[in-house]
Every structure is written in C-alpha cells, then in structure tokens.
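Heads up, the sequence shown is in this note's numbering, so the first residue is 1 and it goes up one at a time. Below is one structure; the comments refer to it alone.
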Amino acid sequence: MTRTRYKLMLLLIIVVVLAFWRVTQNGFIPYDDGPYVQRNSHVQSGLTLRGLVWAFTTTTENNWHPLTWISHMLDWEIFGDRVGGHHAVSLLLHLLNTVLLFLLLEYMTGSTWRSAFVAGLFGVHPLHVESVAWVAERKDVLSTFFGMLAFVAYVCYATRKEHGSKSGFAYFAVIVTYALSLMSKPMLVTFPFVLLLLDYWPLGRFRKCTGRPDCSAVEHRKDNGTSMRYSRLLFEKIPLVAMSLASCVMTYVVQREALSSFDRIPLGVRLGNAVVAYVTYVYRMFNPRNLAVFYPYPTSGLGVWNVVASLVVILGVSYYSLRVRRARPYFPVGWFWYLGTLIPVIGLVQVGAQATADRYTYIPLIGLFVVLGWSLPVNRYVYGIAIAALGVCTSIQVSYWRDGITLFRRAITVTEGNYLAHNNLGAALEEAGRLEEAALHYSRTISLRPDDALAYNNLGNVCTRLGRLRDAAKHYQRALELMPKNAAIRNNLGLVLFRQGRLDEAESQYRTAISLKPDYAEAHLNLGILLVQKGLFDEAVKHLLKASSGQRAVASEAHNNIGVVLAHQNQTERAIEEFSEAIRLRHSNVEAHQNLALAYFMSGRYQEAWQEVHVCRKYGRELHPQFLRALAQRMPEPMRSP
Numbered sequence: 001m002t003r004t005r006y007k008l009m010l011l012l013i014i015v016v017v018l019a020f021w022r023v024t025q026n027g028f029i030p031y032d033d034g035p036y037v038q039r040n041s042h043v044q045s046g047l048t049l050r051g052l053v054w055a056f057t058t059t060t061e062n063n064w065h066p067l068t069w070i071s072h073m074l075d076w077e078i079f080g081d082r083v084g085g086h087h088a089v090s091l092l093l094h095l096l097n098t099v100l101l102f103l104l105l106e107y108m109t110g111s112t113w114r115s116a117f118v119a120g121l122f123g124v125h126p127l128h129v130e131s132v133a134w135v136a137e138r139k140d141v142l143s144t145f146f147g148m149l150a151f152v153a154y155v156c157y158a159t160r161k162e163h164g165s166k167s168g169f170a171y172f173a174v175i176v177t178y179a180l181s182l183m184s185k186p187m188l189v190t191f192p193f194v195l196l197l198l199d200y201w202p203l204g205r206f207r208k209c210t211g212r213p214d215c216s217a218v219e220h221r222k223d224n225g226t227s228m229r230y231s232r233l234l235f236e237k238i239p240l241v242a243m244s245l246a247s248c249v250m251t252y253v254v255q256r257e258a259l260s261s262f263d264r265i266p267l268g269v270r271l272g273n274a275v276v277a278y279v280t281y282v283y284r285m286f287n288p289r290n291l292a293v294f295y296p297y298p299t300s301g302l303g304v305w306n307v308v309a310s311l312v313v314i315l316g317v318s319y320y321s322l323r324v325r326r327a328r329p330y331f332p333v334g335w336f337w338y339l340g341t342l343i344p345v346i347g348l349v350q351v352g353a354q355a356t357a358d359r360y361t362y363i364p365l366i367g368l369f370v371v372l373g374w375s376l377p378v379n380r381y382v383y384g385i386a387i388a389a390l391g392v393c394t395s396i397q398v399s400y401w402r403d404g405i406t407l408f409r410r411a412i413t414v415t416e417g418n419y420l421a422h423n424n425l426g427a428a429l430e431e432a433g434r435l436e437e438a439a440l441h442y443s444r445t446i447s448l449r450p451d452d453a454l455a456y457n458n459l460g461n462v463c464t465r466l467g468r469l470r471d472a473a474k475h476y477q478r479a480l481e482l483m484p485k486n487a488a489i490r491n492n493l494g495l496v497l498f499r500q501g502r503l504d505e506a507e508s509q510y511r512t513a514i515s516l517k518p519d520y521a522e523a524h525l526n527l528g529i530l531l532v533q534k535g536l537f538d539e540a541v542k543h544l545l546k547a548s549s550g551q552r553a554v555a556s557e558a559h560n561n562i563g564v565v566l567a568h569q570n571q572t573e574r575a576i577e578e579f580s581e582a583i584r585l586r587h588s589n590v591e592a593h594q595n596l597a598l599a600y601f602m603s604g605r606y607q608e609a610w611q612e613v614h615v616c617r618k619y620g621r622e623l624h625p626q627f628l629r630a631l632a633q634r635m636p637e638p639m640r641s642p
C-alpha cells in the first residue's frame, strides 16, 4: 500500500503541474494585482523590519492578512517583478494542498484510491483556477495550506486522544496552524464546526459506525470501541471557536467600509442570491464551462422560481443526507462541509458586488468531492478519465488568465451586463496604450452602471492622456459627486487643473486628497511640484520628502524634484545626490538624467555630464543645443566605444 500511496502522490503532482503549468507564463492582472503587488511600495521593498510591522498593522484593501502580505514580500525579494515566479509559488502551494488532502483522507479512511480521486478533483478542477492563477488571490492557497496542516494536526491529536497518549503538543499545533490560516485569510472561520463533522466521520469519535465496510470510523486502524461524549468533543473546540469569533470581529472591523450597503444590495436579494448560489456552485462543479473572473447580479433579477427551486434542492439533499447518515456517513459530512464552509462568502455580509465567485469554492468543494468519491464504486479508469478531462478544461481556463485583455474579454463573452469586466478591460487596454478602445469600454461601464464613480475616474484618466483636459475634468467632477471622499479622484482632478494652469484650484484638490489620505505619496509629490512652481521651496521639500516613501517611481520623481529645489538654491553637490538617488530608484527617469547632466556641468564635472547626455540620447531625449555647445566648449564630446 505504501508504494501505491507514493505512486499516486507522484501522479497527482504530475497531473496538477500539467494542468496548471501555463500559469507561470501568465502576467499580472489589472484587478487587485496592482495594490497587492505591482504598486505596493511595502511589498516591493522585500522582507524588511518596517515591512513586517506594516504587514501586521495595515488594513490595506480592507483586509487583515499579514501572512499573505509577507508571502508577497518574500516573492518580491526573490523574483522582483518577474511575474512567473509569483505564479510558481501559488502553484507550489496548490500542489502542497492537493498532496496534503490526499494524505489526510488516506490516513483517516484507509481508502487510498478514493482519497486520490478526491485529491485529484481538488487539484485539477477548473473552478480552482482563479485561486491559483490570480496573484492577488495568494491568500486562498496560503490560508488553505495552513488549514490543511491544522486538519493534519487535529487528526494526530484525535488519534493520540483515542489511544490515551499525550496529545497536548498536537493540540498546540492545531492552535498554531489554525491561527496561521486565519492570518492568511479568514476563510476557515467555520473550522471548529468542520472538525465536529470529521469527528462524526471518518474519525468516528461520536460513535462507531456499523454496516458497510467503508463506513467504519477509521478502517485501517484497530477499533478499540471508544466513543467520546458530545460534551467533551464540544469542550475541546472552545479555544478554536474563540479564535474564529475573534477573526470574525476583526474582519468585520477592517471590512466595514467595504461592505455593500442594504440600499445597494437589499437583504432580500442577498438571501435569495445565497440560496441560488449554493446550487449554482454545484452546477458549475459538474459543468465547469463559461467561467468568468466576475459574475454580476443578474440585471433581470433572480426570479422567485429560481430561489424556490434552489431552496427545495438544498432542503431535499440535506434531508436525504440525514436519512442516510448511518449507512453513508460520508454523505452528510461532505454535504454539510460544503454548506458550512461557504457561509462566510455566500453573500449575506456582502463585500464587493459579485453574485458568486469561483475562488469561494476552493475549500467548500472538498465536501462535495468527498461525497462523489465515496458514492461511486472504485474504478481507476473512470477516475483517470474524469481527472484527465478536468485537467484539459483547467489548462484551457488557465490560458484565459494570461493577461487582462484576454481575461476580461472572456468574461464579457460568457456573462451579461458585466460592467466590471468592461471597466477592467478598459484598464488593460489603457495599460497597453490602446486609449480609444479603453475609453469605449469605460463608457460602456458607465452605461451599464451610471453611478460607478471609478469608471468616470478611469474615463477621465484616458481623456487626460489623450489631451482632452476639459472632458477629463468633467468626468472627474462627476466621479467626485458620486464619491467625494476618494483621494485618488481628487488627485487626478488636481493634475488636470495644474495642466490647465489653474494652480490654486489644483492646490486645493491636492490638499484635500492629503487630508483624506495623509500618507498618499502621489498627492504629496504633485503638491510638492506645484509648490516648486510657485517658488515655495521649503514647503515643497516637506511634501516631496513624504512622497519619497512611496513606490519606486513616485519616490524617484520626488528625489528628482528635491534636486531641482537644491539646484535653485545653488546646493549643487546635494542636488547631484538627489538626482543620483532618483536614477537609482528608476533608471529610466530621463528628467533626472537631464538634471544630473546640468548639475555635473555646474560643478565642473564635464566627463560625467557627457555620460548623462549619452544616457538621455539612449532614451530618446536630446538636450538643448545651447547647453551642448557650452559643454563642448569646456570639454569636447568624448568618443564612445561602438
């Protein structure tokens, strides 16, 4: 049996890698990858003491998941902006989760082939692509990894307890690994209740099953007839319940601002959608076609009959599972695992505007896979065909995640009225420089959702880049009517006003943005640049210094402008230091190279000035002819090696 176990483990690894391998060739997605990694200065600083403190204290993106932030920092420390490395780590975690699930089920039940089938379904199901292929969803695979370790630790604890051995260390391991899971993502807040299901089957800690051979508590271990009292089983879960409640409170506090109001999504709609969602996920499990990164609420409503039919299905399956609990104990365990672990994300407490999301099924579907695996007769060929077919579907689904344009075009194709897909497709097209196309999709977003402030903001950004400043200002002002406390929109409006020469109005917008978000580096940078233009150098430097703590591109601009101030004050050597720091942070900062050339000229370092001139030319910037003549008079242009 040991050789079979190792062969199946190796086979699982191979199948999962083949299904997901293309994920390492995918890029970042313009949907949370920016604030999580691409534009996050804390993450891009790598593993630092300051970053670790930030990870445990921040509620950025309305989440408290310090271990997820640390994992992203570690990725950046190792891979930098090479996105394939980030994807490879997520795939590795998914592989570990698949193997741990197999080992856990195989140990608890002794059924090697059934356990391998369930783990295979988990490993290659297309519904799990979102959790693996999306860098920003690292929290899914990471929290599940620690959750799997917590399940393993609990089984060790229960086994030791059953045999009268010391179990304190195993229980401590349960506490630690469960805490790590919650600090990655508070998905497993139902963990203590899931353990009660496992106590019933396959651990058999409530009472020993009778009847069919595959219903025994732990088939391959000697049955000593032990049966735990319910009170003791509940008592040992109290610390875990306390941790779960603490996590729920923490999550509510940090996500309070992100919660959708009942005005936007009424309670009745949420309840109806929750009922329909339970059945929808089951349908997608058996028919994983037309999957999308975002599913909007149906514009025509849920339909009373859809809700009623879904409720009948849920109640019917629940009743059946209770009826067969003695003969088929895996059925109620798997079914209520599915129902219970979906509760935190079923939409009763709504964060975001999605009706359903594939990523929410990562843990819950394990329950349905167990029901399926133990209901079907063991047949290796059927197992192989099913997993191979799902693997092909998963490989195709992974290909849709190769870039934002492909991903959101696919979502628009397979869903109706998908305003978020249009908006994010616009963002992907804008990033690719296809501005007119981006504007069309932002406009389409607004037509689908007229009160979408961020879509107006994005349309304003495109108009700004196209030079349509009047239109841009109009869109930003409309966005602020809908979302007056958004610092980014005020900063963007300030930029347009600055370019129109309306400096006082621009300054007002920048200062308001900073009052709304005191650590907003971009607003500090823009205000600093404006104050330099006004000649208010001392105050400008204060804001530029605050901007220098932002992401590298912003910090580079901040140091460049501090250098400009110092050059105006005839502090040439200090200006050279600032220009050099700007270049260190972003070598393609042509303005900094140009300013450094001028500063070298002023300090009599003509050869170094020529070096900066050559760098500017490399980036397509030719310096003013008068400056080049003055530099050539003091030192002829040196010959460059071919």
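Quick reminder that beta carbons are idealized off the backbone N, C-alpha and C, glycines included.
Bridge partner(s) assigned by DSSP for residue i
i, result
"Gln-354", "Pro-296"
"Leu-259", "Val-351"
Rounded C-alpha distance that separates residue i from residue j
i, j, result
"Arg-449", "Val-392", "36 angstroms"
"Asn-63", "Pro-377", "43 angstroms"
"Val-43", "Leu-322", "48 angstroms"
"Leu-503", "Asp-452", "28 angstroms"
"Tyr-510", "Lys-546", "14 angstroms"
"Glu-557", "Leu-525", "8 angstroms"
"Asn-457", "Arg-490", "10 angstroms"
"Asp-81", "Trp-337", "38 angstroms"
"Leu-47", "Val-37", "13 angstroms"
"Arg-160", "Tyr-295", "45 angstroms"
"Ser-216", "Thr-251", "Because Ser-216 carries a pLDDT of 43, less than 50, the predicted location of this residue cannot be relied on, and the following value inherits that uncertainty. Approximately 39 angstroms, taken between the alpha carbons."
"Pro-202", "Tyr-330", "7 angstroms"
"His-441", "Arg-325", "52 angstroms"
"Arg-621", "Pro-518", "35 angstroms"
"Thr-24", "Ala-473", "40 angstroms"
"Ile-385", "Leu-234", "42 angstroms"
"Thr-226", "Ala-153", "Only weak support is given to the placement of Thr-226: the predicted model assigns it a pLDDT of 43, under 50, and the question is left unresolved by the model."
"Tyr-6", "Ser-184", "30 angstroms"
"Arg-586", "Phe-20", "34 angstroms"
"Ser-559", "Gly-340", "Rather than Ser, the amino acid found at residue 559 in this sequence is His. His-559 and Gly-340: Cα-Cα distance of roughly 53 angstroms."
"Glu-573", "Ser-603", "8 angstroms"
Span of the alpha helix (DSSP H) around residue i
i, result
"Arg-444", "435-448"
"Leu-245", "238-255"
"Arg-5", "2-20"
"Trp-64", "From DSSP, Trp-64 is part of no alpha helix (DSSP H); its letter is neither H nor E."
"Ala-653", "Only positions 1 to 642 of the chain appear in the structure, and residue 653 is not among them; the question remains open."
"Ala-453", "453-465"
"Met-635", "Element bounds for Met-635: n/a, residue is neither H nor E."
"Asn-646", "In the structure as shown, the chain begins at 1 and stops at 642. Residue 646 is therefore absent and cannot be evaluated."
"Met-285", "267-286"
"Val-564", "552-568"
"Tyr-171", "168-182"
"Ile-387", "380-399"
"Glu-608", "606-618"
"Gln-44", "41-44"
"Ser-580", "572-585"
"Thr-512", "503-516"
Neighbourhood of residue i by C-beta, 6 angstroms cutoff - its chain only, sequence neighbours within 5 removed
i, result
"Pro-373", "With the sequence shown as reference, residue 373 is identified as Gly, and Pro is not the correct amino acid for it. Taken in chain order, the residues that qualify are Arg-114, Phe-117 and Val-118."
"Tyr-281", "Thr-361"
"Tyr-278", "Ile-314"
"Trp-651", "Coverage of the chain is limited to positions 1 through 642, which leaves residue 651 absent and any answer about it impossible."
"Ser-41", "Gly-550 and Gln-551"
"Met-635", "Tyr-606"
7 angstroms Cβ shell around residue i - same chain, five flanking residues per side excluded
i, result
"Ser-181", "Ser-143, Phe-146, Gly-147, Ala-150 and Leu-188"
"Val-15", "Gly-120, Gly-123, Val-124, Ile-387 and Gly-391"
"Tyr-381", "none"
"Ala-179", "Met-243"
Same chain only: Cβ atoms within 8 angstroms of residue i, ignoring 5 sequence neighbours per side
i, result
"Pro-288", "His-125, Pro-126, Leu-127, Leu-390, Cys-393 and Gln-397"
"Arg-284", "Leu-127, Leu-291, Asp-358 and Thr-361"
Evaluate the contact criterion for the segment 341-348 versus the segment 264-282: three or more CB pairs, one atom per stretch, below 8 angstroms.
yes
Hey, is the segment 379-399 in contact with the segment 302-314, meaning 3+ C-beta pairs nearer than 8 angstroms?
no
Any 3 or more C-beta pairs closer than 8 angstroms across the segment 48-62 and the segment 99-111:
no
Between the segment 23-40 and the segment 530-549, do three or more beta carbon pairs fall short of 8 angstroms?
no
Per the contact definition of three or more C-beta pairs closer than 8 angstroms, is the segment 166-174 in contact with the segment 125-135?
no
If we count Cβ pairs, one from each stretch, closer than 8 angstroms, do we get three or more for the segment 558-571 versus the segment 579-594?
yes
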